[in-house]
Amino acid sequence: MAVMKKYSLPVIISLGLLFGSSCGLLQPPAPQPQLSATDIPPMATAMSKLPPTWTPVPTLLPTPTLPPTPTPLPTQDPENYRIELVMTPVAADYPVDPLDRTGWKKLEGKTASISIPPSYEVLDFAGIFIELMFGVMEAFAEGFTELALDLGEVMGVTPEADLETPDLGEMPEIDFLIALEEATKSTIILVSVNITPGTTTEDLLNQALSNTDAVFNPQSREEYRNVPYPMERVILDIEDEELGPGKQVIYVILDEKMAWNVVFTTPADLFEQNLPLFESAIHSFTTLE
């Protein structure tokens, strides 16, 4: 028969404590503390700040090249134009005559002439104007003479029998000739210009441009060498009410006692075709003494 061993109270208490301690080793681990939203470490993203060795190199965009800003032209008084404010003349050799003028006709005035193609029709504005002016003056002189005779009779004064219309003298020698090619609306103008001592080709250009009705923009200016007379040429882009976009070539020719403007006008799309014709015509320029 088994003998039950008796234990004292202190021993029982000690064993209970030992058992409780050994059972505590088998309990599940204590739960981990929950992290708050502020305690969560941020995740790395493409926008995150990288370490210094990972700093991306910025992409440099090419700087656009802007076109140069054109220098604005000075505001000009259209009735007192000054070409020297826009451009200075370029010294150039007189071009070689590019065409054979066989079959051409004369555009001839009282002071000068040039040869032009036969397709151009000529109108002498100076002749018409002078004849009209002299006709008016003669009519006025005749009327004045008749009035003097009538007043003499009324006042009892015997009029002289040989009272005649005063002599108006010879017609002045001026030229204003226009030649027109109807098919192309191209024109050639020859105008004589009175000068004063010290007149220059630049003065003549300014006078011609001040008298131009069309809107224009100078494109080139040349002063010719090896020519019989001092001569300049300017080429203009023009905008004419009837012609539309066009080109105009103005030659100014200076002699000792007189000067001339020779003006060629043509539609813009015919300029390259007609320029040799204009240059050949100016080669035929001749003064008439």
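Per the numbering used here, the sequence shown starts with residue 1077, numbered consecutively.
Where is the CB? At the ideal position from N, CA and C, for every residue including glycine.
Bridge-paired residues (DSSP) for residue i
i     : result
Q1324 : L1312, T1341
K1181 : I1192
F1292 : I1314
Y1170 : Note: Y1170 sits in no beta bridge, so no partner.
T1263 : L1256, T1341
E1197 : L1256
Spatially closest choice to residue i from the options, by CA coordinates
i     : options                    : result
T1263 : L1253, N1270, S1356        : L1253
T1341 : M1163, N1302, A1290        : A1290
I1358 : Y1327, L1364, Y1300        : Y1327
M1163 : T1260, P1194, E1278, T1362 : E1278
G1185 : R1177, D1200, T1178        : D1200
P1194 : T1362, R1297, E1258        : E1258
A1168 : E1365, E1197, E1308, L1319 : E1308
N1287 : L1353, Y1157, T1141, Q1152 : Y1157
E1332 : E1155, E1318, V1198, T1276 : T1276
V1325 : I1271, I1190, M1334, V1339 : V1339
P1371 : L1353, Y1305, R1301        : Because the chain spans 1077 through 1365 in this model, residue 1371 falls outside it and cannot be assessed.
E1298 : Q1152, G1320, E1160, E1197 : E1160
L1364 : P1352, I1190, I1271, V1303 : I1190
Q1152 : T1178, N1282, T1272        : N1282
7 Å CB neighbourhood of residue i in its chain, flanking five on each side removed
i     : result
W1336 : A1188, L1266, V1267, S1268, V1269, I1329
I1192 : W1180, K1181, L1183, A1255, I1264, A1357
E1355 : P1171, P1174
F1402 : Because the chain in this structure spans residues 1077 to 1365, residue 1402 falls outside the shown range and cannot be described.
G1100 : Bear in mind that a pLDDT of 47 at G1100, under 50, signals an unreliable position, so the model cannot answer this.
Three-state secondary structure assigned by DSSP to residue i
i     : result
T1277 : helix
E1365 : coil
P1352 : helix
V1212 : Residue placement at V1212 is flagged as unreliable, the pLDDT there being 48, under the threshold of 50; the coordinate-derived value follows with that caveat. Residue state, collapsed to three classes: helix.
A1255 : strand
Q1283 : helix
H1359 : helix
E1160 : helix
L1175 : coil
P1330 : A small fix is needed here, since residue 1330 is Leu in this sequence, not Pro. L1330 falls in the strand class under three-state DSSP.
I1319 : According to the sequence displayed, residue 1319 carries Leu and not Ile. If DSSP states are grouped into helix, strand and coil, L1319 belongs with coil.
Sequence-distant residues of the same chain with beta carbon closer than 6 Å to residue i, five excluded per side
i     : result
F1292 : L1312, I1314
E1197 : L1256
L1280 : V1328, A1335
Residue-level contact to chain D via CB, residue i, 9 Å cutoff
i     : result
L1280 : Here there is only one protein chain, and chain D is not present.
Beta-carbon proximity list for residue i, same chain, < 8 Å, skipping 5 on both sides
i     : result
T1260 : T1342, P1343, L1346, N1350
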